[in-house]
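In numbering that gives the first Met the number 0, the protein residues as written are 0 to 178.
For glycine and all other residues, C-beta sits at the position ideal for the given N, C-alpha and C.
Taking it in order: structure first as structure tokens, then the write-up.
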Amino acid sequence: MKKMIGITLAVLGLAAIASAQDIRYNFDQETNFAKFKTYKWVDLQSDVKLDDLLARQLTSAIEAGLTAKGLSKVDSDSADLLIGYQAAASQEKQINAYSMGGFGMGARWGGGMASATTSTLTVGSISLDMYEVASKHLVWRGTATKTIDPGVKPDKRQQNIQKGVAKMLKNYPPVVKKK
């Protein structure tokens, strides 16, 4: 019984992780992020072209997040940072294992049947890049990855975008530890 409960909890834990957004970031530890006050959008090459509606929703969420971090959008070449994003998508196989029986009347431990099904999931990633204008170097990159549910309603999709951007920008500006 304890073994089955442990397996069930492990499967539930994996399901929760699979539906969560995976957030990663990296930055140039030599960069003084306090000096950045303005940004300008640039187009970056991307594996996946987002439709106009999704692109506007993503851009709006990023702009709101950057504003909350104290950065202002400018359209001139006097910006401190150049900001752009790239989208990618991949296909992954998911294995769903089920156990039936084993606990009913007259069943022995280890009895019952097990079966498994597979399904294909689409995993989408957005990478947000920040380039310092003066040096033309990449100084910060954040990436959000999530399993895409094509049947999700528009309000839930927007909520997922905002949540992912907020989690991605949580570590901007980064804290540089003194040496």
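Shown here for Asn25: same chain residues with a beta carbon closer than 7 Å to its own, the five before and five after excluded, namely Arg140 in chain order. Shown here for Asn170: same chain residues with a beta carbon closer than 6 Å to its own, the five before and five after excluded, namely Tyr24 in chain order.
Under the DSSP assignment, Asp154 falls in the alpha helix (DSSP H) whose first and last residues are 153 to 168. When only Cα atoms are considered, Gly83 and Pro153 end up about 24 Å apart. Non-local C-beta neighbours of Asp42 in its own chain, meaning closer than 8 Å and more than five positions away in sequence, comprise Gly83, ordered along the chain. Closest in C-alpha terms to Ser124, from the list Lys36, Ala96, Val174, Lys48, comes Lys48. Boundaries of the beta strand (DSSP E) harbouring Gly141: 136 to 147, taken from the DSSP string. For Ala33, the three-state secondary structure derived from DSSP is helix.
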